[in-house]
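Start counting the sequence shown at 218; every next residue gets the next number (this note's numbering). Idealized CB from N, CA, C, for every residue including glycine.
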Amino acid sequence: SQAIFYGPLVKGQIAAYYPYDSSYIGDADAMPMSLEADQAYDADLKAMYLKYNPTAFAHLSNGKMDFYYPTGLLSLQLGFPEAETVKKLRLDSQTTGLSGLGVVSGDGTVQMTESASRYVTLDCGEGLVTMGEGDVLTSFPMVLLPGTYDDLQVSVYLEGSEQPFVCKLPEV
């Protein structure tokens with residue numbers, strides 16, 4: 218979409234926040250955002266991404282306003298020797314806020330607030346069945362901030378098991 222703006226440029230930076238909120242009054246260099254801690258699996262990745270990242274931002278640069286989303290999808294691919302039904306996944310970090318409130322700066326980076334949670338869960342509803350050895354791995358997407366994570370731990374909750382399968386992930 219395109220929009221044409223008329224009139225004098227108001228002193229300061231021009232920024233846009235989507236979706237529109239008539240009550241929002243803020244600073245173009247400190248726009249609030251929220252990242253859900255509890256996410257539900259959706260086979261339609263685009264729908265899932267938009268559901269958990271409904272906010273887009275734009276800043277005027279070289280006469281253009283290009284909108285961007287401040288998050289991305291991390292897709293964990295799991296496989297087991299035998300078919301298993303995964304009910305839930307949980308990512309934990311010892312040091313990094315993975316969900317909750319954050320602030321998007323003018324350069325597009327996000328700083329999570331001190332109250333941010335250090336986990337994200339993915340509810341798989343009735344469960345996703347992983348294939349046995351030799352078959353295609355099953356993908357489990359989660360909406361996270363872009364970046365390098367070196368201390369993530371994943372807990373996989375399987376149907377019929379009271380304790381999760383837990384492992385530390387390599388740097389992602």
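Kindly identify the DSSP beta-bridge partner or partners of residue i.
| i | result |
| --- | --- |
| P249 | V320 |
| Y374 | K305 |
| Y234 | F274 |
| V383 | S372 |
If we count the other Cβ atoms within 10 Å of its Cβ and call it buried at 16 or more, is residue i buried or exposed?
| i | result |
| --- | --- |
| Q311 | exposed |
| V353 | exposed |
| F357 | buried |
| L262 | exposed |
| T326 | exposed |
Just the C-alpha distance for residue i and residue j, rounded to the nearest angstrom, thanks.
| i | j | result |
| --- | --- | --- |
| C341 | Y235 | 29 angstroms |
| E302 | D259 | One point to set straight first is that residue 302 is Thr, not Glu, in the sequence displayed. T302 and D259: Cα-Cα distance of roughly 16 angstroms. |
| K281 | Y237 | 19 angstroms |
| M359 | I231 | 31 angstroms |
| R335 | S316 | 7 angstroms |
Thinking just about the alpha-carbon of each residue, which of the options is nearest to the one in residue i?
| i | options | result |
| --- | --- | --- |
| L362 | L306, V320, A247, C384 | V320 |
| F274 | D324, A257, L315 | D324 |
| E253 | L290, S322, E388 | L290 |
Quick one: which unbroken beta strand (DSSP E) runs of 3-plus residues sit fully inside the segment 283 to 358? Chain order, please. 289 to 295, 301 to 310, 317 to 321, 327 to 329, 336 to 347
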